[in-house]
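Remarks on the structure that follows.
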Amino acid sequence: MKRIVTTGLAILLTPVAIAAQDWNSPRARALVEHATSVRAAQLADSGLKTYKAEARGYLVFLAQLGEGFPEPPKIVRTDQVASDIYWAAPDRSKQLIKGRRDTLLLPTDISYHKDHLGIVQNNFPNIIRIGDGDEVEDVPHPLSVTGLASYDFALADSLQIVLGPRTLDVFELQFRPKDPSAPRAIGSVYVDRESGSVVRMSLGFTRAALKDKELEDLSVILENGLIEGRFWLPRRQEVQIRRTGTWLDYPARGIIRGRWDISDYDVNVPVASVFDTGPEIEAAPGSKITRNGEVTSPGFTFSGNVLDSLPTDVQSFATADVAKLQAQAGALVQARALERARGLSLAGRSISDFIRVDRVEGIALGASLSVRPAPRVSLSGGASYGFSDKELKPHVSIGYAAASGAGVSLSAYRTLQDASTVPERSGLINSFAAQEFGSDYTDLYTARGGMLTLTLPPRSALRPSLEFAVEDQGMAQVHARPATGHYEPVAAATAVREERATLRLGVPSRDAPGGFSLSADIALSGIHDRVKPLGNLAETYGMAVVTADAERPFGTRSLVLSFIGAGLTNARAIPEQTLISIGGPITAPGYDFHQFSGARAIATRAEWRFKVPFIPVPLGGWGRAPASLTLAPYTNTAWIDGAGWRPSVGVGALTIFDLLRLDVARGLRDGRWSFYVDVSRDFWRIL
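Taking my numbering, the leading residue of the sequence shown gets 2, the next gets one more, and so forth.
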């Protein structure tokens, strides 16, 4: 007979006399020693001899890019897994995968460790291993003989769990390593006071416990349910693994998030036959396994699509429990990571830092090196060289990063800067178009100077930074020739000595009224220019640039809104390179690149996205693009002082995992038909 009684029917917080963070108090030590002895007895012998249950879960791989990871993680791949699980005393376990399927949303060749495809039995053995030992290895369990000597314990909270006529008193024991530099866990364990059984565990890990140096943190939540009124057995489990590194010098984060629900227990039934052969986790007998790892078994099918049933907290943000663990362990992990020295490594924020093409430089090659000579101190330097302008453009910087996220850096450079308020095209596509067709969507001018950047600790709603720069700016010249066609002249630029202070505020994606998600960037600058060589001719003015994006899903469709606003104050004699320019696929599709310029400008867009059938595109080891593309009809309205309103309409088509975008647009007031091809704007920063 299958019968399950779980926690969560009624939970009442109960005030108790617990001294906050009273580490290793007699009361805490007595409770943890009792729980440790009970756990050891359970592993050796108890009334529980065997059980069988079903586990269903999701594995989701997500990715983030950019300094400070300003945008929420995007789903790359989702796997849905169903398994029959078996256990026999004292510590034998078996998990047979009877169903597994995946949905690929972006190209990837990721593969999971075997134990990521299964649940944790017995709240981990006395020595904790995760990722087949590649992620966490040889960490003593806090409720083990070794753990009693390795951790500090404190009573943190108390609650009552009401199960019909029965009331259970549960205590939360926080634990931390006595030696933070050793491979240890950190977190809390909830213990039933009467039985000493583990009701719930939440685990994070120290830097030394994380075997892979690129692991940022690893969090595990194990929640048990009361089965047959006697046995605390797995009910729900959650794991999150964040791996952070750099693509050259551009921050990148990969996240594996797993969520499991275990139910349909049969207790003390015959299960001996399943332990005869094979590894602990494997496909069920008689199942079929495809080349990409999907598993199908006779008599078992999933219902609906993978993403239809994916829990919201698995799709986007970690649960509150995981966030709490990250806060507990994060300081220890981050401090150790920042204190590590690092040898020379290749640095760069985008492909265009290494190779690019424009009308000023022609083909330009660059390279940079970075080194961490002391704890939390970084030093980088490099140069680029244009084969048409024959100019060397060096740069060097030194920075310091605190554990809080605050930092300071000082840089000096000689470079070409783009006067565009926002880029109209990705760097990679612009280089190709410039080289082959003479189509260069940059307005370059020369700049030589230095900059001091202060990065403030990130807040919940803002990511603030301050920049102070002094630059000598001047006009560049066309030196290159394209393969076909010809280049337009470079936009005019005034020779000035500029002193500039800029406050930048980044608003990471967050929920907004009406079901929208909203992100924004704000830049507020105070600028003082002295015209060269007439040092007595000067101008002081302010500049503001605001960009915002909002999205509202409607099932499989979505409404996408964007806003770009820029303006100058006290605009009497503004250098040409500082004026606001619009025109092109982002600010004003259907009009020429930077056709209009002035002291103030606005561009807005409303876009409706929906899926339509399309030919699937095979990508070899990276998977197969879905048999659909996203259509995105839109309206765009631009305004600039002196030129008035410039409306346009268009339609975009996003294909190959929505990475490639093709647009056709028409300017409705003295405009034209235009055609654009580019990659998704999510990846422009690295191109």
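Positions of the beta carbon are idealized from the N, C-alpha and C atoms, including for glycine. Keep in mind it's a predicted model, so treat the numbers as computed, not measured.
Val508 is bridged by DSSP to Ala521. Excluding sequence positions up to five before and after Leu506, its CB lies within less than 6 Å of the CB of Leu463, Pro465 and Ile523, all in the same chain and listed in chain order. In the DSSP assignment, Phe172 falls within the beta strand (DSSP E) that extends over Arg167 to Pro178. Rounded to whole angstroms, Ser649 and Thr638 show a C-alpha spacing of 6 Å. For Ala36, the closest of Gly100, Glu173 and Ile128 by C-alpha to C-alpha distance is Glu173. Around Gly516, the same chain offers Arg553 as residues with beta carbons nearer than 6 Å, after the five sequence neighbours per side are excluded. Taking one beta carbon from each stretch, the stretch 354–361 and the stretch 435–446 have 3 or more pairs nearer than 8 Å; the two touch. For Ile228, the uninterrupted beta strand (DSSP E) run begins and ends at Leu216 to Ile228, by DSSP. Just measuring C-alpha positions, the residue of Leu632, Asp642 and Arg426 sitting nearest Asp659 is Leu632. Measuring C-alpha to C-alpha distances from Gly450 to each of Ala403, Ala435, Asn431 and Glu499 identifies Glu499 as the nearest.
Non-local C-beta neighbours of Pro178 in its own chain, meaning closer than 7 Å and more than five positions away in sequence, comprise Ser151, Tyr152, Arg185, Ile187 and Thr207, ordered along the chain. When C-alpha distances from Leu149 are compared across Asn571, Asp180, Asp170 and Val137, the shortest belongs to Asp180. For Thr541, the closest alpha carbon among the candidates Arg511, Lys533, Asp683 and Arg573 is that of Arg573. Boundaries of the beta strand (DSSP E) harbouring Thr454: Leu445 to Thr456, taken from the DSSP string. For the 8 Å CB-CB criterion, Val409 and Thr454 form a contact.
Val137 sits close to Lys212, with the two beta carbons spaced by under 8 Å. Here the C-alpha atom of Arg237 lies approximately 14 Å from the C-alpha atom of Leu204. In chain order, Ile86, Tyr87, Trp88, Gln122, Asn123 and Glu281 place their CB closer than 8 Å to the CB of Ser94, counting only its own chain and leaving out the 5 sequence neighbours on each side. If you look at Phe433, you'll find it in the alpha helix (DSSP H) that goes Gly428 to Phe438. Annotation for Ser151: the continuous alpha helix (DSSP H) segment containing it runs Val146 to Ser151. Secondary structure of Val272 (DSSP, three-state): coil.
Boundaries of the beta strand (DSSP E) harbouring Glu283: Ile282 to Ala284, taken from the DSSP string. Non-local C-beta neighbours of Ser398 in its own chain, meaning closer than 6 Å and more than five positions away in sequence, comprise Ser381, Ser410 and Ser412, ordered along the chain. Put simply, the backbone Cα of Ala384 is about 35 Å away from that of Ile657. DSSP places Pro483 in no beta strand (DSSP E); its state is neither H nor E. Counting along the chain, Phe62 sits inside the beta strand (DSSP E) bounded by residues Thr51 to Leu66. The Cβ neighbour count for Asn225, taken over all protein chains shown within 10 Å, is at least 16; the residue is labelled buried.
Secondary structure at Gln96: strand, using DSSP grouped into helix, strand and coil. Taking 8 Å as the cut-off, the Cβ atoms of Trp640 and Ile603 count as close.
With 16 or more other Cβ atoms from the protein chains shown falling within 10 Å of its own Cβ, Ser427 counts as buried. Shown here for Gly475: same chain residues with a beta carbon closer than 7 Å to its own, the five before and five after excluded, namely Tyr446, Thr447, Ala494 and Ala496 in chain order. When only Cα atoms are considered, His480 and Thr548 end up about 33 Å apart. In this structure, DSSP gives Lys115 a helical state, which the three-state scheme calls helix. Exclusion of the five residues before and after Ala365 leaves Arg357, Ser385 and Gly387 as the residues of its chain whose Cβ lies within less than 6 Å of its Cβ.
Annotated three-state conformation of Gly516 is helix, per DSSP. Taking 8 Å as the cut-off, the beta carbon of Asp679 is found closer than this to the beta carbon of Arg662.
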